[in-house]
Each structure stands twice: as structure tokens, then as C-alpha cells.
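Using the working numbering, the letters of the sequence shown map in sequence onto residues 1 to 350.
We put the beta carbon where it would ideally sit given N, CA and C, even for glycine.
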Amino acid sequence: MYSTDSYWVWNKRFYKTIVNKQFGDIFKYTLTINIDKNASNLEKDDFYTYINSLSQVDKSLMILSENAKLSTKAGEKDLHIIVPESLGALDNFINLKNRSSNEKLTLTNDGIILSEKAAKQAKVKVGDEVKIKINNKDISLKVSGISENYTFNYAYMSLSYYKKIFDIDIKYNSILINTKNIENEESFSKMIMENSIVRGVSFNTNIKNNFDNTIKSLNYVVLVLIVSAGALAFVVLYNLTNVNISERIREIATIKVLGFYDNEVSAYIYRENMILTLIGILFGEFLGIFLHKFIMATVEMDAMMFGRSIDLLSFIISAVLTLVFSILVNIVMYYKLKKVKMVESLKSVD
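Here's what the structure looks like:
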């Protein structure tokens, strides 16, 4: 009961954070410009110079972005290959770090950095080799790091490692942009799209809004489950207290005969209820951690990873909710205790 209530409280808060983590902490760039891969180097250089001359642009980075397939025991999974032009500049746009250790990851010339969900799907760890299919060619790549990531699967490669593996010259097809101040994203996109080599402009705010809309629909489901878990907590606490009072009716009547006031009699029962509630909260919070991990791993989609961390505030909220339900039960039971007849109760047969 308590672990279920705790889990859904944690879950509701968690859904709001994964999108902010992905498109704030991890992806720090504002937008992506997709360009013609087969455009000449002169055309790309001219466009890149033009982009950097715009007052709205703060920083930019040319990258190669290719689609690939990740080989797993469950079949092939979608994977996005990212190759930056400059390793030193990548940190201004994408924050590569390990989720568990919080260690910053750096691309090397002898391996790739694989996103966490992709590594779990392929069942590989740092130092292992992962098999991918790109351009109908099967290759094995060494995993040099596993990075925190929540939406889609990514593999990051250095330019040197890409040339070493594929033995071809790279053709960049995208530009990551950090902007200073754009008042109208649509107008900026139309201006960029006027260039002949541009194939598309994608703002992270649009992608974030799409995920937010998806998560908002889930929030209604989670809210219903929170209310249901709360109702379950109330019903269980009510029934336990009711049985406790019914079995100890003569004891309660005796206490009243001895001169205890209604408030003192109620406090006598309430103390036991609150102690049981606190014990239930402690066990529930502990079990809720494992329930959270199990369900997160079970319901994850191929293109999304749900986090495993739980905020301290989530523990507090779930504990407070359970205490509130317990107090409500005590208030309801106060009137039942007040109506206990001393003489009739003492006459009752055990």
C-alpha cells in the first residue's frame, strides 16, 4: 500500500524531469540545421561562415549525423551516429557524462561513447565491442564510455576513429547551433531555409514540447493511480483501526469507566495507529525504491530511457500523504470512540 503510493508520487515528478535533463543538461544546443551531405566543401564553408556571422548565433559546430542499426539479442535497434568536427567544442553543445559516477566523458581515437539505453540493449560495458550496421555494412566498434541519455540512442565517434573504421573522407550534414536571443523561431527558420543546401531546421524547444505533450497525457493516468493508491491507503487504515476498536471494545469501555476523557481515550488508540503508520512508511519507502526500478525497466520504450534516481522531495511527499490519510482515519474514528457505551460494552460477551 505505502510502496504503491510512494511509487506513483515519484513517477509523476520523474516524468517532468527527464525531458528537462535531456534538452537542458545533456543537449545544450538550441537548434540543428540539416544540410545537403553531398554539397561541395566550398558551399558548406560559405554557409558555415554565413551562419556564424548572424547576430543570433553564439556558437556552432559542424557534425555528421547518420542513422544506423544496433545489434542486440532482441533484434536490431535504431541508433544515431554523431561525429563532431571538433572534439574540444563538443562540450559546448552536448554534455557527455556517466550517470552513475557523474564522470565527464571525452571522445578518444580508439572507441565510441554509447548512450546508456543502447549499452543496456546490447548488453555491453566499457571495453566491450558493439556491433552495428551502417550503410548495409556490419562493423564492430569498441565502447570507450557509456553516457547518460534519455531520448533515442546515440553513439559518439571522433573524426579520427571514424576515418580509421570506414576509411573514407567524412561528409558533414548537420550544424549544431547555440543562439543568443531569437524572438521568433519560425522567422529564423524561414531565413535559414532560403539557402539551397539547407534541408531542415529543428529547434530543441519543438522537440521538447512534443515530449512534454506526451508526458502531460501520462500525467492524468498517474494522477488517477495516485488517487487510487491514496484511497487504498485510507480503506486499509480504516479497516485495521475499525477491527482494532471492535476487538478491544471492553478495554476501551474500562478506560472510560476509570475516568479517562474522550480525547485521552482517542489518543490511546491514535498512538498505536501512528506507530504502525510510521513503520509502514519506512517499509513502503524502502520497497518503493525497488518497485520504481522494476517498473521503470519494464515499461521503457526502445527510444527512451527512464531515470533511476528519486528526489528527496518525492520521499517526503509520499510520507506526508500517508500521514494525512492516517490522520483522516483517526478523525473519523474519534466519533466512533466517543459513542462507545461503557455499561453495554462491559456487559458484552467476549
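Helix, strand or coil at residue i [DSSP, three-state]
i      : result
Gly75  : strand
Val19  : helix
Asp138 : strand
Phe325 : helix
Gly145 : strand
Ser100 : coil
Gly127 : coil
Phe27  : strand
Tyr154 : strand
Leu282 : helix
Ala68  : strand
Whole-angstrom C-beta distance between residue j and residue i, which should lie under 8 Å
i      : j      : result
Asn330 : Asn273 : 6 Å
Gln22  : Thr151 : 5 Å
Thr322 : Ala267 : The Cβ separation is near 20 Å, so there is no contact.
Ile269 : Ile245 : 7 Å
Ile353 : Val198 : Residue 353 falls outside the range modelled here, since the chain spans only 1 to 350, and no answer is possible.
Residue from the options whose Cα sits closest to the Cα of residue i
i      : options                        : result
His80  : Ala303, Ile26, Leu240, Val236  : Ala303
Glu251 : Val265, Ser40, Ile310, Phe294  : Val265
Ile51  : Glu194, Lys293, Ser318, Phe211 : Glu194
Lys77  : Asp167, Asp212, Gly280, Lys133 : Lys133
Glu85  : Tyr156, Asn102, Ser189, Val222 : Tyr156
Leu291 : Tyr154, Leu218, Thr108, Ile310 : Ile310
Phe27  : Ile94, Thr108, Val201, Thr214  : Ile94
Ser158 : Val83, Ser196, Arg199, Ile165  : Val83
Own chain residues within Cβ distance below 6 Å of residue i, not counting five before or after
i      : result
Tyr238 : Val329
Thr72  : Gln121, Ala122
Burial state of residue i, where buried means 16 or more other Cβ atoms lie within 10 Å
i      : result
Tyr29  : buried
Ala74  : exposed
Lys338 : exposed
Ala297 : exposed
Lys104 : exposed
Lys117 : buried
Ala68  : buried
Leu96  : buried
Thr214 : exposed
Proximal residues to residue i (C-beta, below 7 Å), its chain only, five neighbours per side dropped
i      : result
Ser228 : none
Lys37  : Lys171, Asn173
Lys208 : Val19, Phe23
Val126 : Val143, Ser144, Gly145, Ile146
Ile139 : Ile132, Ile165
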